[in-house]
Amino acid sequence: MSLSSISLSQVSGLLFAIAGFVCAVMSVPFDHFKFAHGAIGLDIMIVGVMQPLNGFFRPHKSPDGSRTLKRIIWEWYHKLAGRFALILALINICLGLFLDVVPVAAWAVWYAYLCVLCLLYVVMEIRLRRKNSARTGNADILAMEKK
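So for the sequence shown, UniProt numbering puts the first residue at 1; every next one is plus one.
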């Protein structure tokens with residue numbers, strides 16, 4: 001995937017999330033944020049909106065191309081915040097399904113979707129590690145993964 005297609009998917013995902021958030025806020029009473037589901041949803045949206053804004057504050061690499069300490073800290077924060085928001089979103093979807101007392105079929109569809117997401121995450125993580133180990137020439141990691 002190129003950087004532009006990744007950026008396009010991230011921007012479109014954020015726009016869909018914002019649209020869903022607006023629909024959720026408009027469809028429930030004003031005191032919705034007093035409950036865990038609404039408060040968690042608000043937290044997720046704040047983190048989601050802050051992620052692209054966070055990109056504007058990304059420290060540059062040093063002139064020799066190496067990552068500075070500020071850059072390393074920023075990268076860790078950016079990755080952890082995104083993963084934290086994703087995990088919270090998955091939990092909040094389960095909470096929303098529970099609160100809405102949806103039929104068993106909806107739960108089955110949700111869990112099937114969740115399994116696909118988890119499988120995709122594992123596959124992409126393996127691909128990323130193999131790509132990084134091949135790029136750095138670290139054959140030990142590849143050998144350990146093949147065992």
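Even for Gly, the Cβ is constructed at its ideal location relative to N, Cα and C.
Here DSSP, grouped into helix, strand and coil, assigns ARG127 to helix.
A check of alpha carbon separations from TYR111 across ILE93, TRP76, LEU69 identifies ILE93 as the nearest. Between ARG129 and LEU15, the alpha-carbon positions lie close to 29 Å from each other. Relative to LEU90, the option among VAL102, GLY41, TYR77, ILE46 whose CA is nearest is GLY41. GLY48 sits close to ALA17, with the two beta carbons spaced by under 8 Å.
Between the alpha carbons of ILE44 and LEU88 lies a gap of roughly 7 Å. HIS60 is classed as exposed because its beta carbon has fewer than 16 other beta carbons within 10 Å across all chains shown.
Judged by DSSP secondary structure, PHE98 falls within the alpha helix (DSSP H) whose first and last residues are 69-100. For VAL47, the enclosing alpha helix (DSSP H) begins and ends at 36-56. By the neighbour-count definition (other C-beta atoms within 10 Å, threshold 16), ALA36 is an exposed residue.
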